[in-house]
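Novice:
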Amino acid sequence: MTDVNSWLRRLYIRALTIRVMRNKSRFVARRVRKYSIQSSSAPDSVLVELARETEALGPAAGMLVPHAQGTLLTTLVASARPTRAIEVGTFTGYSSLCIARGLSDSGQLLCLDISERWTSIAEKYWARAGVGHRIELRLGPAAETISALPAEPTFDFAFIDADKVSYQEYLDLLLPRMRLDGLLVVDNVLLHGKAARGRARGAEPAAMRRFNARLAADHRLQTVMLPFADGLTLARVCAH
557 MTDVNSWLRR LYIRALTIRV MRNKSRFVAR RVRKYSIQSS SAPDSVLVEL ARETEALGPA
617 AGMLVPHAQG TLLTTLVASA RPTRAIEVGT FTGYSSLCIA RGLSDSGQLL CLDISERWTS
677 IAEKYWARAG VGHRIELRLG PAAETISALP AEPTFDFAFI DADKVSYQEY LDLLLPRMRL
737 DGLLVVDNVL LHGKAARGRA RGAEPAAMRR FNARLAADHR LQTVMLPFAD GLTLARVCAH
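Numbering-wise (the numbering used here), the sequence shown opens with residue 557 and increments by one.
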């Protein structure tokens, strides 16, 4: 029975991961998505349960990051060893849990969100994963919260995954607060491929195209965009 349960759990993880990656990475061939998932580390039971509870929220679950992206966040943070990290847009806490797992015991993550309902799920799983002591949650408009922080280099790592049309504002506010060689990670920069299509309609694709262009041209940053998940940009802070 244990072997059967283990097999069913692996099957569920694989199905859920493929579904999330399919929704995020429509511009990547199906067999490539499937192969990349099979060739990546699987999430543990805490992440699987968090993903399952998030999926039950309905359409809002589309904001859930894929398992592989969570693994990448943990790997980046564990390699960079930041002392202070910040996340703009927390939702149900999947990405923040992954970031916190990569921190050292003395590392701290500041999470910004506006939803008490969604972040209450996050807090439950942070505690379950044993990383709650590394995370501080502040509710309210992210731009206002960042503006209230000291305008000096404080953070070594930042993850932006909130209101897409406000990405440039978040970046402008965060850069003076990032340490040199700090890492900025920006999610959803391809918007299901819409950002790459010049004629895509809507405020979000237009705003994202402007943001991506300014990010690539910013002399203070060394930037690479990855066609991974829904598009992920990594930017190293080279100057202020």
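Each residue gets a CB set at the ideal place from its N, CA and C atoms; glycine is no exception.
Alpha carbons only, please: which of A585, G658, G787 and P622 is nearest the one belonging to A598?
Specialist: Among A585, G658, G787 and P622, the Cα nearest to that of A598 is on P622.
Novice: Pick out whichever of Q625, L632 and L730 has its Cα sitting closest to the Cα of L666.
Specialist: L730
Novice: If you count every other CB in all the chains shown that lies within 10 Å of the CB of R640, and 16 or more means buried, which is it?
Specialist: Result: buried.
Novice: Whole angstroms are fine: how far does the CA of D712 sit from the CA of A791?
Specialist: The alpha-carbon separation between A791 and D712 amounts to approximately 12 angstroms.
Novice: Can you tell me the Cβ-Cβ gap for L668 and V633, rounded? I've got them flagged as a contact below 8 angstroms.
Specialist: Incorrect: roughly 17 angstroms between the Cβ atoms, too far for contact.
Novice: For A704, does the three-state DSSP call read helix, strand or coil?
Specialist: The three-state reading of DSSP puts A704 in coil, since its state is none of H, G, I, E or B.
Novice: Could you give the DSSP three-state label for R735: helix, strand or coil?
Specialist: strand
Novice: With 16 as the cutoff for other CB atoms within 10 Å, does A678 come out buried or exposed?
Specialist: Answer is buried; the Cβ neighbour count reaches 16.
Novice: Just to confirm, are V624 and S596 a CB contact at a threshold of 8 angstroms?
Specialist: Here the sequence assigns Ala to residue 624, which means Val is not the residue at that position. Yes, they are a contact pair.
Novice: C801 by DSSP, collapsed to three states: which one?
Specialist: Only positions 557 to 796 of the chain appear in this structure, which leaves residue 801 out of reach.
Novice: Just the Cα atoms here: how many angstroms apart are I642 and I716?
Specialist: 8 angstroms
Novice: Once the 5 residues before and after G626 are set aside, which same chain residues still bring their CB inside 8 angstroms of it?
Specialist: P599, L603, Y650, S651, L653 and C654
Novice: Terminal residues of the continuous beta strand (DSSP E) containing M781?
Specialist: L777 to L782
Novice: Cutting at 7 angstroms between CB atoms, please list the residues of its own chain near R690, excluding the five before and the five after it.
Specialist: A656, L659, G663, Q664 and L665
Novice: Would you call the CB atoms of T710 and R733 closer than 8 angstroms?
Specialist: yes
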